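Here is the structure we will look at.
Numbering (my numbering), first residue to last: 183 to 340.
Set out below in structure tokens:
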């Protein structure tokens, strides 16, 4: 089976304090038939001043590392769409969990959409697929309406 560890590299001068320390993840890979098991959660729409996009929790419940690679497609009822990718260059070790964030430069306009997510698994296995229909609202639509203060003005006695 594969083994995982961190190598700690410490740079220091011949005299004095350490200049820096870095942890380097390291894997001892063996010829194994074992596979990682990628388990995704439900996509969640996130919008704030800093970013807009979908966040999907993923975890590796297998015994081998998995490269994270995902693609999210957002299609409206007219067939127009957005495609974003996430996770490239990152790895999910056994027992590890991460959030994949599929970000948009600009939030899509409000409306009905179909979300399709493809998450690559191990080589030779088909990608995991998720589909969901959602309605994106304008941030202005989410502002709660104020409570009614009163029905009619009250009469005052003189």
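Beta carbons are placed, not taken as given, at the ideal position from N, Cα and C, and that holds for glycine.
Since the structure is predicted, the reported quantities are computational estimates derived from the model, not experimental observations.
Original post:
Between the beta-carbon of residue 308 and the beta-carbon of residue 301, is there less than 8 Å?
Top reply: Locating residue 308 in the chain shown gives position 126, where the first residue counts as 1. Locating residue 301 in the chain shown gives position 119, where the first residue counts as 1. Result no, Cβ atoms of residue 308 and residue 301 do not sit closer than 8 Å.
Original post:
Is the Cβ-Cβ distance between residue 237 and residue 226 less than 8 Å?
Top reply: Numbered from 1 along the chain shown, position 55 holds the residue referred to as residue 237. Numbered from 1 along the chain shown, position 44 holds the residue referred to as residue 226. It is a contact, given that the beta carbons lie within the stated cut-off.
**OP:** Could you check the C-alpha separation between residue 280 and residue 207 for me, to the nearest Å?
**Re:** As a working mapping, residue 280 is identified with position 98 in the chain shown. As a working mapping, residue 207 is identified with position 25 in the chain shown. Rounded to the nearest angstrom, the two C-alpha atoms are 16 Å apart.
**OP:** Find the nearest neighbour of residue 267 within the set 285, 318, 239 and 305, judged by alpha-carbon distance.
**Re:** In the chain shown, residue 267 corresponds to position 85, counting from 1. Checked all of 285, 318, 239 and 305; the closest Cα to residue 267 is 285.
**OP:** List in chain order: all unbroken beta strand (DSSP E) runs of 3+ residues lying wholly within the region 263-309.
**Re:** 263-274, 279-286 and 293-301
**OP:** Determine the extent of the beta strand (DSSP E) in which residue 234 is found, giving its start and end residues.
**Re:** Looking up residue 234 in the chain shown gives position 52. Per DSSP, the continuous beta strand (DSSP E) segment holding residue 234 begins and ends at 234-242.
**OP:** For the beta strand (DSSP E) holding residue 252, just list the boundary residues, first then last.
**Re:** For the purposes of this step, residue 252 is taken as the residue at position 70 of the chain shown. Where residue 252 is concerned, the enclosing beta strand (DSSP E) stretches over 248-258.
Subject >> Own chain residues within Cβ distance below 6 Å of residue 298, not counting five before or after >> reply: In the chain shown, residue 298 corresponds to position 116, counting from 1. Closer than 6 Å at the Cβ level, and outside the excluded window around residue 298, lie 255 and 313.
Original post:
Should residue 204 be labelled buried (16 or more other beta-carbon atoms within 10 Å of its own) or exposed?
Top reply: In the chain shown, the residue the question calls residue 204 occupies position 22. It is exposed - the Cβ of residue 204 has fewer than 16 other Cβ atoms within 10 Å.
Original post:
Does the distance from the C-beta atom of residue 248 to that of residue 188 stay below 8 Å?
Top reply: Residue mapping note: residue 248 aligns to position 66 of the chain shown, counting from 1. Residue mapping note: residue 188 aligns to position 6 of the chain shown, counting from 1. No, the pair does not count as a contact, with Cβ atoms beyond the cut-off.
Original post:
In the structure shown, what three-state DSSP assignment does residue 193 receive?
Top reply: Taking the first residue of the chain shown as position 1, residue 193 is located at position 11. Strand at residue 193.
Original post:
Is it true that the CB of residue 252 sits closer than 8 Å to the CB of residue 269?
Top reply: On the chain shown, position 87 is the one that residue 269 refers to. On the chain shown, position 70 is the one that residue 252 refers to. In this structure, residue 252 lies closer than 8 Å to residue 269 by Cβ.
Original post:
Looking only at C-alpha atoms, which of 250, 217 and 291 sits nearest to residue 282?
Top reply: The residue given as residue 282 occupies position 100 in the chain shown. When each option's Cα is compared against that of residue 282, the closest is 250.
Subject >> Reference residue 319, options 311, 306 and 234, closest by Cα >> reply: Residue numbering aside, residue 319 sits at position 137 when the chain shown is read from its first letter. Nearest of 311, 306 and 234 to residue 319, Cα basis: 234.
**OP:** With hydrogens ignored, establish whether the beta-carbon of residue 233 is closer than 7 Å to any heavy atom of the ligand FAD.
**Re:** Judged by which ligands are present, the structure shown has none, so any question about the ligand FAD falls away.
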